[in-house]
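Once you know that position 163 of the sequence shown is 165 in the working numbering, the rest is easy, because the numbers rise by one and skip nothing.
Here a beta-carbon is modelled for each residue, glycine too, at the ideal position from N, C-alpha and C.
Below: the structure, in structure tokens.
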Amino acid sequence: MFALFALATTARASSLSTARRQARQARRQARLVDARASSLERRLQEQGTVLERLEERTADLERVAVKEFEILHYNVLSNYSATNMLPWFCYGCNVTAAERAEMHRRFYAPGPTGFKRVRGKGWPTWAEEVLSPERRAAVEAYDALHFGWERRCERLIAAVCRHRVGCRERAPDILTLAECDCYDEFWRERLLQRGYASTWRKRPRSSIDGRSSTFELLASGGYDFGSALSRSPDRTCHFALLAWRQPRTTYR
3 MFALFALATT
13 ARASSLSTAR
23 RQARQARRQA
33 RLVDARASSL
43 ERRLQEQGTV
53 LERLEERTAD
63 LERVAVKEFE
73 ILHYNVLSNY
83 SATNMLPWFC
93 YGCNVTAAER
103 AEMHRRFYAP
113 GPTGFKRVRG
123 KGWPTWAEEV
133 LSPERRAAVE
143 AYDALHFGWE
153 RRCERLIAAV
163 CRHRVGCRER
173 APDILTLAEC
183 DCYDEFWRER
193 LLQRGYASTW
203 RKRPRSSIDG
213 RSSTFELLAS
223 GGYDFGSALS
233 RSPDRTCHFA
243 LLAWRQPRTT
253 YR
């Protein structure tokens, strides 16, 4: 009986010791949590003070900043007209001014010899008596290397979203892209990734894009019209109404 009592007393003492140890650990953990919470509160207060100063500084800068934005217009060439075999291109064979003028004359010649509206633009007929076979081959090689959509699409998005002004590279606030086909397949998503919301109108496929952080698209529309070369409308005007996302104090 004495042995049983001693065993029960020892077990109870061990249980009390474990409970006290757990209580001490809990109090220590609580103190650590309180210290961390106090530290976070101090940091939040400090960050709040910094944020207030930055907001005041931003308001001052907006009040005195120049009220301007930048527009970039770029002809990205539709796939139909993206060919080096046109008289205003013909890169890769060092065309002289006189040769280019003669190719232009032949290309736009009236009557059955004109090539403006001929499928394939009449290449190489209008260049045969101006460029040698070797130079025409150089034009075709340059076309295969540089004018295909898969080869130029990444260069185009880089060119329109970043351009050099003096010694700096800048992103324009508004883009207008002429001959912008492949809009749903390429341009919409790639422009969105770079912060541009966009709207698009078919034929001749130009889009107006503005950085959504700077502008808000309120409305868009357009109309079609003709040209001297066509009796039916073959051109379009596309427009967008944008609101500048700046506080009203900016305009005072």
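Spatial distance of residue i from residue j (CA atoms)
i, j, result
"S40", "Q31", "14 angstroms"
"T127", "E70", "49 angstroms"
"A146", "C155", "14 angstroms"
"T178", "A161", "13 angstroms"
"K285", "F91", "One cannot answer for residue 285 here, as it falls past the ends of the chain, which runs 3 to 254."
"L56", "E64", "12 angstroms"
"Q27", "T60", "48 angstroms"
"L244", "L219", "5 angstroms"
"G50", "R196", "30 angstroms"
"D62", "D36", "39 angstroms"
"A99", "E171", "33 angstroms"
"H106", "C169", "37 angstroms"
"R29", "R38", "14 angstroms"
"D226", "E131", "39 angstroms"
"C184", "H240", "17 angstroms"
"W125", "E104", "14 angstroms"
"L46", "E54", "12 angstroms"
"H165", "E58", "32 angstroms"
"A25", "E48", "35 angstroms"
"V52", "R33", "29 angstroms"
Beta-carbon proximity of residue i to residue j, cut-off 8 angstroms
i, j, result
"A173", "C163", "yes"
"P89", "R102", "yes"
"G224", "P235", "no"
"A84", "F188", "no"
"Y144", "N86", "yes"
"A129", "R121", "no"
"R192", "I159", "yes"
Assigned exposure category for residue i - 16 Cβ within 10 Å defines buried
i, result
"S17", "exposed"
"W246", "exposed"
"F217", "buried"
"S200", "buried"
"Y110", "exposed"
"R108", "buried"
"A242", "buried"
"V141", "buried"
"L194", "exposed"
"V78", "buried"
"R22", "exposed"
Top-ranked residue by Cα proximity to residue i, from the options
i, options, result
"N96", "V120, R23, L133, A61", "L133"
"Y76", "E131, Q195, R157", "R157"
"D186", "W202, R196, H106", "W202"
"T309", "E104, R196, A180, M105", "The first residue shown for the chain is 3 and the last is 254, placing residue 309 beyond what the model contains."
"I176", "V35, Y198, E136, R170", "Y198"
"G94", "H106, L46, E136", "E136"
"V167", "I73, A99, W151, R153", "I73"
Close-in-space but distant-in-sequence residues of the same chain around residue i (CB under 7 angstroms, 5 per side omitted)
i, result
"F7", "With a pLDDT of 48 at F7, under the threshold of 50, the modelled position of that residue is not reliable, and no figure is offered here."
"R44", "none"
Neighbourhood of residue i by C-beta, 8 angstroms cutoff - its chain only, sequence neighbours within 5 removed
i, result
"A221", "A242, L243"
"K204", "T238"
"R153", "L147"
Own chain, CB closer than 6 angstroms to residue i, minus 5 neighbours either side, in chain order
i, result
"S19", "none"
"W151", "N81"
Residue-level contact to chain C via CB, residue i, 8 angstroms cutoff
i, result
"W189", "The chain labelled as chain C is not found in the depicted structure, where only one protein chain is given."
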